[in-house]
Amino acid sequence: MKHPFLPVLLPLLLCSALAHGAPFYEGKSLAHPAIHAAQDSGLDVAFLKEKDGVNGYYCECTSSSSKTFQLDQFGNAVIRSVFYASLDKESDSSVQTMLVLFRQGDRNGLRAYRYHRGSGKYRRLDGLQPALNRIAAQGGSPNAGTVKAALAKLAPMDYSVPRGKSGNADFDAIDHTQGTIVGYYSDEGKPVAGAGKEAITYKKTFQKKGDHYLTASYTLYSDAGAGILPNYRLWQVTWETAPQQFTGSEDGPSVLYSLAWDDGSVVERGQYVKGKRQGLWVREGMHEGSEKGHYVNGLQEGMWHFDYPKQSESGMYRAGKREGRWTVLNYADEDEVTGFDTYAGGQLNGPHERRMGGKLQTRGTYVNGTRHGAWITEDGEGSFIDGLRDGPWKLKLKDKVTQSVTFVKGKKQGEALDTDAQGALRVRDHYQAGVLEGSRTRYLGPAGKEYVVYTATYRNGQLDGREQAFDDSGKILRLDTLWDNGKKQGLDARYYPNGKPERLAVIDQGRLLTHLREYYEDGQLLNDIHRCTFKEYGSTRDDVCEYHHMYYPDGKPQYYYAFQYGQRQEGYSNYPNGKRKDELLVDRAADTSVFNAYYESGQLKCTEPRSGHSTRTVNGQTMISYASADRDGDNICYHPNGKVASIYTFRKRVLVECGKRYDDTGKQTFPGPEGCPPPRQVDYPIGL
Numbered sequence: 011m012k013h014p015f016l017p018v019l020l021p022l023l024l025c026s027a028l029a030h031g032a033p034f035y036e037g038k039s040l041a042h043p044a045i046h047a048a049q050d051s052g053l054d055v056a057f058l059k060e061k062d063g064v065n066g067y068y069c070e071c072t073s074s075s076s077k078t079f080q081l082d083q084f085g086n087a088v089i090r091s092v093f094y095a096s097l098d099k100e101s102d103s104s105v106q107t108m109l110v111l112f113r114q115g116d117r118n119g120l121r122a123y124r125y126h127r128g129s130g131k132y133r134r135l136d137g138l139q140p141a142l143n144r145i146a147a148q149g150g151s152p153n154a155g156t157v158k159a160a161l162a163k164l165a166p167m168d169y170s171v172p173r174g175k176s177g178n179a180d181f182d183a184i185d186h187t188q189g190t191i192v193g194y195y196s197d198e199g200k201p202v203a204g205a206g207k208e209a210i211t212y213k214k215t216f217q218k219k220g221d222h223y224l225t226a227s228y229t230l231y232s233d234a235g236a237g238i239l240p241n242y243r244l245w246q247v248t249w250e251t252a253p254q255q256f257t258g259s260e261d262g263p264s265v266l267y268s269l270a271w272d273d274g275s276v277v278e279r280g281q282y283v284k285g286k287r288q289g290l291w292v293r294e295g296m297h298e299g300s301e302k303g304h305y306v307n308g309l310q311e312g313m314w315h316f317d318y319p320k321q322s323e324s325g326m327y328r329a330g331k332r333e334g335r336w337t338v339l340n341y342a343d344e345d346e347v348t349g350f351d352t353y354a355g356g357q358l359n360g361p362h363e364r365r366m367g368g369k370l371q372t373r374g375t376y377v378n379g380t381r382h383g384a385w386i387t388e389d390g391e392g393s394f395i396d397g398l399r400d401g402p403w404k405l406k407l408k409d410k411v412t413q414s415v416t417f418v419k420g421k422k423q424g425e426a427l428d429t430d431a432q433g434a435l436r437v438r439d440h441y442q443a444g445v446l447e448g449s450r451t452r453y454l455g456p457a458g459k460e461y462v463v464y465t466a467t468y469r470n471g472q473l474d475g476r477e478q479a480f481d482d483s484g485k486i487l488r489l490d491t492l493w494d495n496g497k498k499q500g501l502d503a504r505y506y507p508n509g510k511p512e513r514l515a516v517i518d519q520g521r522l523l524t525h526l527r528e529y530y531e532d533g534q535l536l537n538d539i540h541r542c543t544f545k546e547y548g549s550t551r552d553d554v555c556e557y558h559h560m561y562y563p564d565g566k567p568q569y570y571y572a573f574q575y576g577q578r579q580e581g582y583s584n585y586p587n588g589k590r591k592d593e594l595l596v597d598r599a600a601d602t603s604v605f606n607a608y609y610e611s612g613q614l615k616c617t618e619p620r621s622g623h624s625t626r627t628v629n630g631q632t633m634i635s636y637a638s639a640d641r642d643g644d645n646i647c648y649h650p651n652g653k654v655a656s657i658y659t660f661r662k663r664v665l666v667e668c669g670k671r672y673d674d675t676g677k678q679t680f681p682g683p684e685g686c687p688p689p690r691q692v693d694y695p696i697g698l
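Residue numbering for the sequence shown follows the numbering used here, starting at 11 and increasing by one per position.
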């Protein structure tokens with residue numbers, strides 16, 4: 011039989027092999043069909059028969075730098091089945107578990123692996139192995155269906171997180187796949203029915219000693235603010251007398267496990283007595299830092315030490331509240347920050363100090379948790395009353411400038427003076443309840459010889475009145491503007507360093523109202539625009555009105571057009587050599603107009619005759635406009651040598667025939683001998 015697609019298929023297969031390379035298991039004896047792009051990881055997985063028995067491997071074989079990792083060793087085994095089961099709650103972050111069912115001699119074996127996205131490697135689920143051993147040891151021949159059914163009966167738990175060693179033999183010997191569930195609880199610790207949506211935590215008991223039960227708690231809550239976890243994690247192991255209660259019956263040693271990271275490490279350990287912490291408790295972890303101190307009847311008591319990644323604190327507790335002096339060491343900056351705080355009844359009360367590299371940063375006193383009295387802070391010196399700045403203050407500004415100002419109940423009030431490092435006055439402001447109110451003046455010059463370079467007036471934090479700025483000598487006016495409640499109103503002027511005007515405008519509520527004139531530095535007029543505000547088509551806008559004139563540095567006109575409420579009516583523009591660039595000529599008696607454009611040589615470039623006018627209603631009045639009249643007549647364009655370049659004839663805006671085009675020798679180039687091409691057929695969709 012012939013295979014018509016074989017000549018096509020073979021090159022494709024060859025290209026695929028060359029692109030991806032030969033599989034890492036090529037030429038080796040497989041103990042089970044290889045898995046390409048496994049559904050949990052996307053990696054290739056293979057079980058190979060080797061000298062020491064069957065070994066499993068996986069590889070992300072997509073580049074020349076790919077590495078092969080060993081999954082596990084199975085000894086003298088027969089791999090019967092590889093399949094997947096979902097042990098997590100279904101979510102975007104859930105990962106399926108890969109199970110390997112095998113047989114060694116006359117015994118069945120079962121192992122589970124979870125792909126860890128962060129490391130890109132598989133982890134064997136050792137915590138699940140006791141349950142897998144029980145399932146494999148059951149009579150008969152287990153298969154994927156019976157294994158999944160048995161796993162579904164287990165209490166939910168994330169077995170991919172390894173369990174850290176606590177050092178307590180009873181705790182470390184727990185088989186978490188067994189035990190008796192004694193209750194499910196909400197995020198408030200209230201009992202709920204079954205493993206429903208409200209069940210955030212559940213508890214199991216294992217062995218019993220007298221009236222004490224070895225109890226483990228599992229939760230969906232992450233202590234790193236990551237929200238709800240994909241599955242329950244081991245949280246706490248302790249001895250309890252009434253484990254069905256969420257809390258309150260702990261009695262004996264206890265450990266808590268990390269929920270913030272995937273290491274499952276023990277992060278806290280200590281002792282309970284009748285539901286309350288008692289004696290030494292230690293909290294420590296690779297990520298969390300450490301806390302160490304004693305409890306008495308459930309309350310912190312005596313010396314405590316807190317050591318976090320960037321800060322440490324140590325001091326005394328009395329009945330669960332900080333008391334006396336606490337020393338502080340901060341590593342957040344390049345130099346160590348040292349200091350102390352004083353507490354009374356858990357509240358800041360008394361002296362406070364911080365130093366960086368031995369240099370004083372802050373010093374003052376707290377009263378009932380708030381700053382009170384004289385203080386040195388990072389941004390200045392002054393007094394507080396009930397946590398608010400009050401009275402004279404000397405604030406530190408940038409570039410070693412200081413500001414002397416009075417505060418009233420936390421807000422600046424009255425005159426504020428900014429002085430530089432040499433004592434020269436730089437700014438004089440005035441405040442009312444923390445808001446600029448009154449004059450603002452800026453100065454230059456040495457101490458005792460300061461002069462004004464800027465003045466302005468504020469009302470309720472907004473510029474209001476006249477604003478003036480001078481050059482660095484204080485003699486030449488550079489800016490002169492009038493303001494009304496934060497918006498420019500009236501004259502807005504800018505001046506060159508030589509004192510001559512650069513820009514003069516009249517503004518109304520922040521919008522250019524009438525004239526705008528701009529000048530060259532020698533005083534020659536550059537730009538002259540008259541603008542106005544008007545209403546058209548139901549909306550109000552401002553645009554050019556009456557005229558827009560521009561001039562070259564030698565005073566010759568560059569642009570000279572008349573405008574009617576934003577629409578150009580008639581006028582011209584010129585080249586720098588004084589020759590015409592374009593012009594719009596209007597014959598109102600004949601109700602016609604023409605637009606002409608020219609080359610810089612003076613040769614006519616194009617002429618466009620027009621007829622009629624448009625009508626518009628502005629400010630309630632109807633008027634005629636020549637800005638968009640109909641093209642009417644022969645539109646003729648010329649080459650620079652004066653030869654005709656094109657002729658298009660219009661009748662009331664409509665093109666007659668197809669026009670003519672010529673090269674610069676006068677030879678017609680369009681249309682050809684066949685005449686005008688047929689008009690383009692436009693297809694309009696129907697039924698849209």
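No residue lacks a Cβ here, since even glycine has one placed at the ideal position from N, Cα and C. Just so you know, these numbers come straight off a predicted model, no measurement behind them.
The residue from 594, 330, 625 with its alpha-carbon nearest to that of residue 582 is 594. According to DSSP, residue pairing for residue 225 in a beta bridge involves 215, 248. The residue among 209, 237, 248 with its C-alpha nearest the C-alpha of residue 218 is 248. Taken in chain order, the complete beta strand (DSSP E) segments of 3 residues or longer contained in the segment 242-309 are 260-267, 276-283, 286-295, 299-306.
In this structure residue 386 is in contact with residue 372, their Cβ atoms being roughly 6 Å apart against a cut-off of 8 Å. Annotation for residue 175: no alpha helix (DSSP H) segment contains it, and DSSP assigns it neither H nor E.
In the DSSP assignment, residue 144 falls within the unbroken alpha helix (DSSP H) covering 139-147.
The continuous alpha helix (DSSP H) containing residue 155 extends over residues 154-161. Between residue 544 and residue 575, the CB-CB gap stays under 9 Å. Within a 10 Å sphere around the beta-carbon of residue 71 sit 16 or more other beta-carbons, which makes this residue buried. Out of 580, 448, 623, 608, the CA that lies nearest to the CA of residue 601 is found in 623. With distances taken between CA atoms, residue 77 lies nearest to 68 out of 502, 313, 68, 450.
Put simply, of 556, 591, 548 the residue whose alpha carbon is nearest the alpha carbon of residue 569 is 591.
Distance from the CA atom of residue 494 to the CA atom of residue 390, rounded to whole angstroms, is 34 Å. By the 16-neighbour rule on beta-carbons within 10 angstroms, residue 686 is exposed. In terms of CA proximity to residue 260, 225 leads the group 271, 225, 474.
Looking at 280, 606, 246, 290, the one whose alpha-carbon comes closest to that of residue 269 is 246. Beta-carbon to beta-carbon, residue 413 and residue 442 are separated by about 17 Å, too far to satisfy the 8 Å threshold. Secondary structure remark: continuous beta strand (DSSP E) runs of at least 3 residues inside the segment 336-422, in chain order: 347-354, 360-366, 369-377, 383-387, 390-395, 398-406, 412-418. DSSP lists 540 as the bridge partner or partners of residue 525. Runs of beta strand (DSSP E) with 3 or more residues, each lying fully within the segment 445-508, are found at 448-454, 461-469, 475-480, 487-494, 497-505, listed in chain order. Taken atom to atom, the span from the alpha-carbon of residue 656 to that of residue 648 is near 7 Å. Secondary-structure assignment with DSSP links residue 515 through a beta bridge to 502, 526.
Taking residue 131 as the centre and dropping the five residues before and after it, the same chain places the C-beta of 79 closer than 7 Å to its C-beta, in chain order. Residue 280 counts as buried, since no fewer than 16 other beta carbons sit within 10 angstroms of its beta carbon. Runs of the beta strand (DSSP E) lying entirely within the segment 643-691 and spanning at least 3 residues, in chain order: 643-648, 654-661, 664-672, 678-680. Per DSSP, the unbroken beta strand (DSSP E) holding residue 195 starts and ends at 190-195. In this structure the segment 198-217 does not touch the segment 134-147; the number of beta carbon pairs closer than 8 Å is below three. Contiguous beta strand (DSSP E) elements confined to the segment 46-113 occur at 54-60, 63-69, 78-85, 88-95, taking only those with 3 or more residues. By the neighbour-count criterion, in which a residue is buried when 16 or more other Cβ atoms sit within 10 angstroms of its Cβ, residue 620 is buried. When the beta-carbon positions are compared, residue 62 and residue 49 stay at least 9 Å from each other. Note on residue 181: 16 or more other CB atoms within 10 angstroms of its CB, so buried under the neighbour-count rule. A check of alpha carbon separations from residue 432 across 444, 447, 445, 456 identifies 456 as the nearest. Taking C-beta separations shorter than 6 Å and ignoring five residues to either side along the sequence, the partners of residue 637 in its chain run 577, 578, following chain order. The segment 536-555 and the segment 601-611 do not touch, with fewer than three beta-carbon pairs separated by less than 8 Å.
Taking residue 485 as reference, the option from 461, 264, 357 with the minimal CA-CA separation is 461.
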